[in-house]
Amino acid sequence: MPRRPLVSAWWSYRNAGPTTLAFLAARCAVVPWRAIAAATGDLSGELMSVGCGHGLVERYVTRRNPRIAVVGYELDERRVAIAAATAEGERVRIVAADVRRLPDTALFDAILCCDVLHHLDAEAQRLLLKHLASRLRPGGRLIVKDIAATPRWKCRWNEIHDRIVSGDRVTSRDPHEVAEDVEGSGLTVRRNERVARWQPYPHFIVVAELVPAGRVPVQPSPVERLRADAGAWRRPAVNR
Numbered sequence: 009m010p011r012r013p014l015v016s017a018w019w020s021y022r023n024a025g026p027t028t029l030a031f032l033a034a035r036c037a038v039v040p041w042r043a044i045a046a047a048t049g050d051l052s053g054e055l056m057s058v059g060c061g062h063g064l065v066e067r068y069v070t071r072r073n074p075r076i077a078v079v080g081y082e083l084d085e086r087r088v089a090i091a092a093a094t095a096e097g098e099r100v101r102i103v104a105a106d107v108r109r110l111p112d113t114a115l116f117d118a119i120l121c122c123d124v125l126h127h128l129d130a131e132a133q134r135l136l137l138k139h140l141a142s143r144l145r146p147g148g149r150l151i152v153k154d155i156a157a158t159p160r161w162k163c164r165w166n167e168i169h170d171r172i173v174s175g176d177r178v179t180s181r182d183p184h185e186v187a188e189d190v191e192g193s194g195l196t197v198r199r200n201e202r203v204a205r206w207q208p209y210p211h212f213i214v215v216a217e218l219v220p221a222g223r224v225p226v227q228p229s230p231v232e233r234l235r236a237d238a239g240a241w242r243r244p245a246v247n248r
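Numbering (the numbering used here), first residue to last: 9 to 248.
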């Protein structure tokens, strides 16, 4: 794990109090940071982050990549206030707003949706993905990091986690279903894979692009097709 940017991002909340610092330390132990770094490391421009909480992931991303600035949207005004109070002139701005109510002129070079979808039902997930796709500039990238429905024991572990932390009932889905919804939103999926398999959480990441009109989408390589086929073959027919 690339530790320096992560520790720096976490320590930026040192004046927020021990409860927040402890909560974010636990978050540090859960997020698949390598996957986030790989998906955002070559970006430039303005990135929108959905349901960003205190902004920990966003501060990490900007510490890893100096070419991007982040606007994060969060409904919990208390977390937004903590983010504002602990900001250190960073390229991260957290706003208390619903991304579904942004003006049509609000477009971004990239969008990060980290651990948001499973807090919505399946239909709400599809609607959110369509909305996020409409907020991308041509050539823009959508990054979805979420929780899969299998292995079942890992999914159950995350359900217990979320019940304790947020009180929410969650709707975890198969990564291939999420990728299909992303494709159905008009984007081209570049990456769809499980990450941080060693963790007790079934993390996955989907990376997609809004291909500019007139540009031929890049076809997956033979190796990428084999990996996708292997992932589909390993997928259980029935969730247990």
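Ideal Cβ placement from N, Cα and C applies to all residues, glycine included.
Query raised in the report: Quick one: what does DSSP say A104 is sitting in, helix, strand or coil?
Result: In the sequence shown, residue 104 corresponds to position 96, counting from 1. Residue state, collapsed to three classes: strand.
**Report entry** Beta-carbon proximity check, V215 vs A47, cutoff 7 Å
**Finding:** Counted from its first residue, the sequence shown places residue 215 at position 207. Counted from its first residue, the sequence shown places residue 47 at position 39. Yes, Cβ-Cβ distance for V215 and A47 is below 7 Å.
Query raised in the report: Among N73, D106, I213, which one has its Cα closest to the Cα of E85?
Result: Locating residue 85 in the sequence shown gives position 77, counting from the first residue. For the residues N73, D106, I213, the minimum Cα distance to E85 belongs to D106.
Requested in this report: Tell me whether the beta-carbon of V197 lies closer than 7 Å to the beta-carbon of A187.
Outcome: If you number the sequence shown from 1, residue 197 lands on position 189. If you number the sequence shown from 1, residue 187 lands on position 179. Cβ distance < 7 Å, so V197 and A187 count as in contact.
Report task. Pick out whichever of A95, V152, V103 has its Cα sitting closest to the Cα of I213. Result -> As a working note, residue 213 is residue 205 in the sequence shown. Closest in alpha carbon position to I213, among A95, V152, V103, is V152.
Requested in this report: Quick one: measure Cβ to Cβ for C60 and E54, integer angstroms, because I've assumed they're closer than 8 Å.
Outcome: The sequence position of residue 60 within the sequence shown is 52, counting from 1. The sequence position of residue 54 within the sequence shown is 46, counting from 1. That pair is no contact at about 14 Å.
Query - Straight-line Cα distance separating A114 from M56 - result: Here residue 56 refers to the residue found at position 48 of the sequence shown. Here residue 114 refers to the residue found at position 106 of the sequence shown. Their backbone Cα atoms lie some 10 Å apart in a straight line.
Query raised in the report: So, helix, strand or coil for A245, using DSSP?
Result: As a working note, residue 245 is residue 237 in the sequence shown. With a pLDDT of only 41 at A245, under 50, the local geometry of the prediction cannot be trusted, and the value read off the model is given with reservation. A245 falls in the coil class under three-state DSSP.
Requested in this report: Give the range of the alpha helix (DSSP H) segment to which N166 is assigned.
Outcome: As a working note, residue 166 is residue 158 in the sequence shown. It spans 160–173 - the alpha helix (DSSP H) in which N166 sits, taken as one unbroken run.
Query raised in the report: So, do the region 27–41 and the region 130–138 have three or more beta carbon pairs nearer to each other than 8 Å?
Result: no
Report task. Within the same chain, show all residues whose beta-carbon is closer than 7 Å to that of H1, passing over the 5 residues directly before and after it, in chain order. Result -> Nothing can be reported for residue 1: it is not among the residues displayed for the chain, which extend from 9 to 248.
Query - Residues near D129 by beta carbon distance below 8 Å, same chain, minus five either side - result: Translated into positions along the sequence shown, residue 129 becomes position 121. Around D129: T179.
Query raised in the report: Quick one, which of A45, G63, V124 has its alpha-carbon nearest L32's?
Result: In the sequence shown, residue 32 corresponds to position 24, counting from 1. Nearest of A45, G63, V124 to L32, Cα basis: G63.
Query raised in the report: If you check the beta carbons only, do R72 and S16 fall under 7 Å apart?
Result: Locating residue 72 in the sequence shown gives position 64, counting from the first residue. Locating residue 16 in the sequence shown gives position 8, counting from the first residue. The answer is no: Cβ separation not under 7 Å.
Query - According to DSSP, residues forming a beta bridge with H211 - result: Translated into positions along the sequence shown, residue 211 becomes position 203. Partner(s): I155.
Requested in this report: Excluding the 5 residues preceding and the 5 following C103 in the sequence, name in chain order all residues of the same chain whose CB lies nearer than 6 Å to its CB.
Outcome: For this step, residue 103 is matched to residue 95 along the sequence shown. Here residue 103 is Val; the residue named in the question, Cys, does not match the sequence. Once the five neighbours on either side are set aside, the close Cβ partners of V103 are Y81.
Query - CB contact below 7 Å: A37 versus chain B - result: Of the protein chains in the structure, only one exists, and it is not chain B.
Query raised in the report: Apart from the five residues on each side of it in sequence, which residues of its chain come closer than 8 Å, Cβ to Cβ, to R143?
Result: Here residue 143 refers to the residue found at position 135 when the sequence shown is read from its first residue. Result list for R143: M56, V107, L110, A114, L115, F116, I119, in chain order.
Query raised in the report: What is the rounded straight-line gap between the Cα of I44 and the Cα of V69?
Result: Here residue 44 refers to the residue found at position 36 of the sequence shown. Here residue 69 refers to the residue found at position 61 of the sequence shown. Straight-line Cα distance between these residues: approximately 8 Å.
Report task. Just mark P210 as buried or exposed, buried being the case when its beta carbon has 16 or more other beta carbons within 10 Å. Result -> Indexing the sequence shown from 1 puts residue 210 at position 202. The residue in question, P210, is buried, as its Cβ has 16 or more Cβ neighbours within 10 Å.
Requested in this report: Grab the span of the alpha helix (DSSP H) containing E191 for me, first residue to last.
Outcome: Position 183 of the sequence shown, counted from the start, is the residue given in the question as residue 191. Taken as a continuous stretch (DSSP letters only), the alpha helix (DSSP H) holding E191 covers 183–192.
Query raised in the report: Along the chain, which unbroken stretches of the alpha helix (DSSP H) at least 4 residues long are found entirely within the region 62–123?
Result: 64–72, 85–94
Query raised in the report: For R199, is the classification buried or exposed, using 16 other Cβ atoms within 10 angstroms of its Cβ as the cut-off for buried?
Result: Along the sequence shown, one-based indexing puts residue 199 at 191. Answer is buried; the Cβ neighbour count reaches 16.
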